[in-house]
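Colleague: When you number the sequence shown by the numbering used here, it's gap-free, plus one each residue, and the end is 393.
Beta carbons: idealized from backbone N, C-alpha and C, even for Gly.
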Amino acid sequence: MKRKIIAVLLFCLVILFVSCNDNNITETTTENTTLAESTAEETTTEERTTIPPAQGLESEDATAESTPGNTDLSSRIFYGERTGTDKTVTGLEALEKRAFTLPDKNKFSEMPTKLREHSYGVASDEKPHNISIANQQFFNEKGFDAICLDTKSGEKVLYLTFDCGYENGYTSKILDVLKEKGVTAAFFCTLPQVRDNKELIARMVNEGHIVGNHSVSHPDFSSLSTEKIIEEVKGFDDYMRENFGYSSLYFRYPQGKYSEKSTAVLNELGFKCVFWSLAYADWDLDNQKGALYAYETVLSRIHPGAVILLHSVSPDNAGALGDIIDTAVSRGYVFKSLEELN
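Below, the structure written as structure tokens:
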């Protein structure tokens, strides 16, 4: 009898041991399954994450990407679609031409047409010159959509802009530097410039720079009638839309010559007029003084909110630009696009 009882107890112990071991196996298997599912989910997420092609550049997936910019006039930059076969030199579809009409031309008839020549003063000690401060105050008081100095951000920001009236081989070098440094700029071009250098202008668009309107024939805008003002900016814009699938509503006056009337007309057409608070005589090819001079001159005049005007024809600028950017950044400055202006 005792042997039977002992046998029964041993049997119960064996059953209990097997049951506990099965539970451990089940728990371990569940943990491993959960870990495997988690790892698979993370891997799948990583595989799904792709980097979209660069804005404006051709890609096998380009047609699947959303079109940069938009057609709402609250934006100042417009891009054509990436679908279809009839593409422009940029790879973007041509944009429909814009009317550029004024509902009431008579409202400008009494506005001052007196020539105003933009000046900026030589900034120093990382402070804008009083002339630039006064100019921006004038624009603000008149209610003009115009900028020569960013007085709103209160930060060490710089806006890099170039005037491009013709080409002599240095613009591509400037674009190389900007691409290397990850900086975008605005290039204000005349119609002959874009017409004669399509691939270069396409590169500006495709690399995210602003191609601004600098008019068809580079005239003194203070002397133009309202109709002629429209003709000058529309001629440039029409060509950009048709040949590049691109348009921007940033305008720079040729030679900085303007009037209150011309500015009001351009604002009514949707343009923001872009002046500058920092420049030097870099456009004079008979008086180039070397990259070191360009470097020292620009850096001695930088200040928070500066809109910098340089000319793309200057070999000095092309040679100094990389060092200018590096030194400015080391001093705490950030280069921003005009699109980031409030």
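If you run the structure through DSSP and keep just helix, strand and coil, what is S313?
Modeller: In the sequence shown, residue 313 corresponds to position 262, counting from 1. Three-state DSSP puts S313 in a helix.
Colleague: Is the number of C-beta pairs between the segment 320 to 338 and the segment 161 to 168 that are closer than 8 Å three or more?
Modeller: no
Colleague: Taking the beta strand (DSSP E) that G263 belongs to, which residues open and close that run?
Modeller: Position 212 of the sequence shown, counted from the start, is the residue given in the question as residue 263. It spans 261 to 264 - the beta strand (DSSP E) in which G263 sits, taken as one unbroken run.
Colleague: Relative to the C-alpha of E391, which residue among K178, V358, D367, H362 is closest?
Modeller: Translated into the one-based positions of the sequence shown, residue 391 becomes position 340. Of K178, V358, D367, H362, the residue nearest in Cα terms is V358.
Colleague: Can you list, in chain order, the residues of its chain with a C-beta nearer than 8 Å to that of G383? Leave out the 5 residues immediately preceding and following it.
Modeller: Against the sequence shown, residue 383 aligns to sequence position 332. Around G383: K207.
Colleague: Please report the distance separating the alpha-carbon of V325 from that of R303.
Modeller: As a working mapping, residue 325 is identified with position 274 in the sequence shown. As a working mapping, residue 303 is identified with position 252 in the sequence shown. Rounded to the nearest angstrom, the two C-alpha atoms are 5 Å apart.
Colleague: Distance, Cα to Cα, P305 vs F272?
Modeller: For the purposes of this step, residue 305 is taken as residue 254 along the sequence shown, with counting starting at 1. For the purposes of this step, residue 272 is taken as residue 221 along the sequence shown, with counting starting at 1. For P305 and F272, the distance between alpha carbons rounds to 8 Å.
Colleague: Given D374, which residues of its chain have a CB within under 7 Å of its CB, disregarding the five upstream and five downstream residues?
Modeller: Counted from its first residue, the sequence shown places residue 374 at position 323. So the qualifying residues of the chain are Y346.
Colleague: In the structure shown, what three-state DSSP assignment does K249 receive?
Modeller: Mapped onto the sequence shown, residue 249 falls at position 198. Helix at K249.
Colleague: With a Cβ-Cβ cutoff of 8 Å, do H354 and P243 count as a contact?
Modeller: Against the sequence shown, residue 354 aligns to sequence position 303. Against the sequence shown, residue 243 aligns to sequence position 192. Cβ distance not < 8 Å, so H354 and P243 don't count as in contact.
Colleague: Less than 7 Å between C-beta atoms, sequence neighbours within five positions excluded: which residues of the same chain meet that for G172?
Modeller: Here residue 172 refers to the residue found at position 121 when the sequence shown is read from its first residue. Result list for G172: H180, N181, I182, S183, in chain order.
Colleague: Spatial neighbours of K340 within its chain, please: CB distance less than 7 Å, with the 5 preceding and 5 following residues excluded, ordered by chain position.
Modeller: Position 289 of the sequence shown holds residue 340. Cβ within range, chain order: D367.
Colleague: Put T378 into one of helix, strand or coil per three-state DSSP.
Modeller: As a position in the sequence shown, residue 378 is number 327, starting the count at 1. Correct three-state label for T378: helix.
Colleague: Any idea what DSSP makes of R303, helix, strand or coil?
Modeller: Mapped onto the sequence shown, residue 303 falls at position 252. Of the three classes helix, strand and coil, the one that applies to R303 here is coil, per DSSP.
Colleague: Would you kindly work out how many angstroms separate the C-alpha atoms of P270 and L153, rounded to a whole number?
Modeller: Stepping through the sequence shown from its first residue, residue 270 is reached at position 219. Stepping through the sequence shown from its first residue, residue 153 is reached at position 102. Roughly 21 Å between the two C-alpha positions.
Colleague: Tell me, to the nearest whole angstrom, how far the beta carbon of L389 is from that of I261; I am working on the premise that it is less than 8 Å.
Modeller: Here residue 389 corresponds to residue number 338 of the sequence shown, with the count starting at 1. Here residue 261 corresponds to residue number 210 of the sequence shown, with the count starting at 1. At roughly 6 Å, the Cβ-Cβ gap stays under 8 Å, so L389 and I261 are in contact.
Colleague: Between the segment 229 to 247 and the segment 186 to 194, can you find at least three pairs of beta-carbon atoms closer than 8 Å?
Modeller: The answer is no - the segment 229 to 247 does not touch the segment 186 to 194, with fewer than three Cβ pairs under 8 Å.
Colleague: Could you give the DSSP three-state label for I184: helix, strand or coil?
Modeller: The residue you call residue 184 lines up with position 133 of the sequence shown. If DSSP states are grouped into helix, strand and coil, I184 belongs with the helices.
Colleague: Candidates N294, G296, D214: which alpha carbon is nearest N264's?
Modeller: Here the question's residue 264 lines up with position 213 in the sequence shown. Checked all of N294, G296, D214; the closest Cα to N264 is D214.
Colleague: When you compare only the Cα positions, how much space is there between F129 and D289?
Modeller: Indexing the sequence shown from 1 puts residue 129 at position 78. Indexing the sequence shown from 1 puts residue 289 at position 238. Their Cα atoms are separated by approximately 13 Å.
Colleague: Looking at V316: is its Cβ nearer than 8 Å to the Cβ of F287?
Modeller: Walking along the sequence shown from the start, residue 316 turns up at place 265. Walking along the sequence shown from the start, residue 287 turns up at place 236. Cβ atoms of V316 and F287: not closer than 8 Å.
Colleague: Quick check: the Cα distance between S313 and L275, rounded to an integer number of angstroms?
Modeller: In the sequence shown, counting from the first residue as 1, residue 313 sits at position 262. In the sequence shown, counting from the first residue as 1, residue 275 sits at position 224. Approximately 8 Å between the Cα atoms of the pair.
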